[in-house]
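Structure, as structure tokens:
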Amino acid sequence: MTESINPTTGKPNKSYSSHTKIEIDDKVDQTYNAWDSWRQTSFAERSVMMRNAGRALRNRKDELANLMAIEMGKPLKGGVAEIEKCADACSFYADNAKRFLRDEPVKTDAGKSYISYQPLGVILAVMPWNFPFWQVFRFLAPCLMAGNCGILKHASNVPGCALAIEDIIKKAGFPPFVFQTLLIDSKSVNAVIENSKISAVTLTGSVEAGKKIAEKAGSVLKKTVLELGGSDAYIVLEDADLDLAAETCVNSRLINSGQSCIAAKRFIVMEKVGKKFIELFKDKMSAKVVGDPLNDKTDVGPLARLDLRDELHKQVEGSIQKGAICILGGKIEPGTHAFYPPTILTNVKKGMPAYDEELFGPVASIILAMNENEAINIANDTVFGLGAAIFSRDIVKAEEIAAKRLQAGSCFVNSLVKSDPRLPFGGIKNSGYGRELAAFGIREFVNIKTVYVK
Ligand code: NAP
Numbered sequence: 000m001t002e003s004i005n006p007t008t009g010k011p012n013k014s015y016s017s018h019t020k021i022e023i024d025d026k027v028d029q030t031y032n033a034w035d036s037w038r039q040t041s042f043a044e045r046s047v048m049m050r051n052a053g054r055a056l057r058n059r060k061d062e063l064a065n066l067m068a069i070e071m072g073k074p075l076k077g078g079v080a081e082i083e084k085c086a087d088a089c090s091f092y093a094d095n096a097k098r099f100l101r102d103e104p105v106k107t108d109a110g111k112s113y114i115s116y117q118p119l120g121v122i123l124a125v126m127p128w129n130f131p132f133w134q135v136f137r138f139l140a141p142c143l144m145a146g147n148c149g150i151l152k153h154a155s156n157v158p159g160c161a162l163a164i165e166d167i168i169k170k171a172g173f174p175p176f177v178f179q180t181l182l183i184d185s186k187s188v189n190a191v192i193e194n195s196k197i198s199a200v201t202l203t204g205s206v207e208a209g210k211k212i213a214e215k216a217g218s219v220l221k222k223t224v225l226e227l228g229g230s231d232a233y234i235v236l237e238d239a240d241l242d243l244a245a246e247t248c249v250n251s252r253l254i255n256s257g258q259s260c261i262a263a264k265r266f267i268v269m270e271k272v273g274k275k276f277i278e279l280f281k282d283k284m285s286a287k288v289v290g291d292p293l294n295d296k297t298d299v300g301p302l303a304r305l306d307l308r309d310e311l312h313k314q315v316e317g318s319i320q321k322g323a324i325c326i327l328g329g330k331i332e333p334g335t336h337a338f339y340p341p342t343i344l345t346n347v348k349k350g351m352p353a354y355d356e357e358l359f360g361p362v363a364s365i366i367l368a369m370n371e372n373e374a375i376n377i378a379n380d381t382v383f384g385l386g387a388a389i390f391s392r393d394i395v396k397a398e399e400i401a402a403k404r405l406q407a408g409s410c411f412v413n414s415l416v417k418s419d420p421r422l423p424f425g426g427i428k429n430s431g432y433g434r435e436l437a438a439f440g441i442r443e444f445v446n447i448k449t450v451y452v453k
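Quick note on numbering: numbering that gives the first Met the number 0 labels position 149 of the sequence shown as 148, and the sequence is numbered without any gaps.
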């Protein structure tokens, strides 16, 4: 049994029966059997269905944003933007899959030799609750356009979103079973990975889940793509436009109520401008509207689950005990369910949870640095490597640091880190491996085949 609980009220929304072992095997069989004819469809045929899915998403954006709000607490305006982004990804891969996967001739001693990108089979996607539609569509649009089929195991707290995605794909005209949702808990995932009809696995989630899934998939020699956590550092240099930097940093820290892998988490500020930056940051963070995610004025909703709020609070208290100074928030108000207030910690140092760990909620860790080199060293002093940003009016210098010195999968200058279907997305170190989006994403789950004709 899977139960979805509204994190704003703590009340249950709805219960869903979990799939049994027999149902899981049947569904994997159905999807595997659907693959044989799906792989033979043309890019043009797939594009028509993918565009239908994009249209359905746009038509249902208010309903789907509402569903996210009640299942995981996302404020409505963020929910609508997420659905629009999913629709954009559908159009992007409908427009570009053929070009990304066309044969590539290679001159050899053969009469003809080339690289051909062929679908792999059924891909299992294990997905998180924080962007319940976007995380799935950024896997699903390239997966289906490449001629693969998909099986989704979504996070247990968003079963309604998981079923809504299945419904959208079905109604978009895709053949039966090319994509299906399994309502199962994480303990049942190993058996699905072991099923010989699953070709590969992609996970977006925590480092712990990534290690477990990679271990299981490795034991049966199946490829994995892992999109894991992040502790993105935003460096603010002395010559930065401080107002722009503070505004962007606050927005990035509070995106999805602080629960984004690429949210800014550590702010590394030159000591000379530290006081001014902290003042601006605090003013802008305090101005954000915290409240009911169903109110369209709300900027910050509750965290997705009570246990996640408690874990975050433990990290904040642990950091304060070790010398961090809390200048905003940091206290749980009684009767506020899964809400955690926007919080600022200063004097953050190595050895504190706020420095060493990922804080998955609206908590900013501010660290002062004496010079650029020290700031870059602090930014790279993390087990993660998902995103990073740097703020400076000296674009040449900032670009050089972003491109060559910051150790992360995406490095932005004077902007918050964001994903975009046109650009590859993924991490290094404990943030995972493999890439989603762009041409790299669609080529992760294909057989890069050499064809040689004498
Ligand atoms: P999570 O606990 O790892 O859950 C993610 C998914 O993995 C869920 O479907 C979960 O199922 C499943 N799962 C958990 N443990 C598993 C195991 N041992 N075996 C098989 N499946 C398992 O992560 P989360 O708390 O939902 O999401 C937050 C984390 O995801 C953060 O660290 C965040 O940074 C990361 N994230 C990364 C990206 C990225 O693109 N790099 C994007 C978004 C989020 P249940 O729900 O049933 O437990």
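C-beta atoms are modelled at their ideal positions from N, C-alpha and C, and glycine is treated no differently.
request  = May I have a chain-ordered list of the beta strand (DSSP E) segments no shorter than 3 residues that lie completely inside the region 62-122?
outcome  = 111-118
ask   = Is any heavy atom of the ligand NAP found at a distance shorter than 6 Å from the C-beta of P127?
value = yes
ask   = Between which two residues does the beta strand (DSSP E) carrying R265 extend?
value = 263-269
task = Report the option in K281, L279, G300 whose CA atom is closest to the CA atom of V288.
result = G300
ask   = So what's D306 in DSSP terms, helix, strand or just coil?
value = helix
query = With 16 other CB atoms within 10 Å as the buried threshold, where does K221 fall?
reply = buried
ask   = How about E193 and F130: do their beta carbons lie closer than 7 Å?
value = no
task = Check whether the Cβ atoms of Y233 and A397 sit closer than 7 Å, and answer yes or no.
result = no
ask   = Going along the chain, which residues of its own chain have a beta-carbon closer than 6 Å to the beta-carbon of F176, five neighbours each way excluded?
value = Q29, T30, A33
query = Three or more beta-carbon pairs under 8 Å between the region 250-265 and the region 214-231, yes or no?
reply = yes
message = Would R304 and N156 qualify as a contact pair, given that the criterion is a beta-carbon distance under 7 Å?
response = yes
request  = Since I believe L405 is in contact with A378 (beta carbons under 8 Å), could you give me their beta-carbon distance rounded to a whole number of angstroms?
outcome  = 6 Å
Cutoff 7 Å; reference G384; Cβ partners in own chain excluding five residues on either side = Q406, A407, G408, G426, I427, K428, S430
inquiry  = the ligand NAP and E226: does the residue's C-beta get closer than 6 Å to at least one heavy atom of that ligand?
reply    = yes
Among C248, A93, I114, T342, the one whose alpha carbon lies nearest that of R101 = I114
query = Between I365, V188, V450, Y451, which lies nearest to A323 when the distance is taken from Cα to Cα?
reply = I365
message = Three Cβ pairs or more, each shorter than 8 Å: is that satisfied between the region 9-29 and the region 78-96?
response = no
task = Run the CB neighbour count on P455, radius 10 Å, all protein chains shown included, and call it buried at 16 or more, exposed below.
result = Limits of the chain in this structure are 0 at one end and 453 at the other, which puts residue 455 out of reach.
query = Nearest to G78 by alpha carbon, out of D355, W133, T40, Y451?
reply = W133
request  = Output the distance between the C-alpha atoms of F454 and A64, rounded to the nearest integer angstrom.
outcome  = Lying before the first or after the last residue shown, residue 454 is absent from the chain, which here runs from 0 to 453.
task = Go through its chain and collect everything with a Cβ distance to L119's Cβ below 7 Å, but skip five positions before and after it.
result = N147, S198, A199, F444, V445, N446
Residues near P158 by beta carbon distance below 6 Å, same chain, minus five either side = T1, S3, Y15, L182
Integer-rounded CB distance, given that K321 should sit under 8 Å from G350 = 6 Å
query = Does the region 135-147 touch the region 88-100, meaning 3 or more C-beta pairs lie closer than 8 Å?
reply = yes
key: Cβ-based neighbour list, L279, same chain, cut-off 7 Å, excluding 5 preceding and 5 following   = L241, D242, A245
ask   = Considering only residues of the same chain and omitting the five flanking positions on each side of F136, which have a CB-CB separation below 6 Å?
value = C85, A88
key: Element boundaries [beta strand (DSSP E), containing S14]   = 11-15
key: Candidates A190, T7, L236: closest to V412 by CA position   = L236
message = Short of 7 Å in beta carbon distance, which residues of its chain neighbour D295, apart from the five on each side in sequence? Order them along the chain.
response = L75, K76
request  = Please determine, among K13, D184, S195, V188, the residue with the shortest C-alpha to C-alpha distance to K211.
outcome  = V188
message = Going by C-alpha to C-alpha distance, which of F42, G110, L123, R434 sits closest to S90?
response = F42
ask   = Taking C-beta to C-beta, are A152 and V125 nearer than 7 Å?
value = The residue asked about is misnamed: residue 152 is Lys in this sequence, not Ala. In this structure, V125 lies closer than 7 Å to K152 by Cβ.
task = With hydrogens ignored, establish whether the beta-carbon of T203 is closer than 6 Å to any heavy atom of the ligand NAP.
result = yes
inquiry  = Check for me: the alpha helix (DSSP H) holding G217 runs from which residue to which?
reply    = 206-218
ask   = Using DSSP with H/G/I as helix, E/B as strand and the rest coil, what is N370?
value = coil
message = Quick check for students: name the residue ranges of the alpha helix (DSSP H) that lie wholly in the region 114-193, counting only runs of 4 or more.
response = 133-144, 158-170, 188-193
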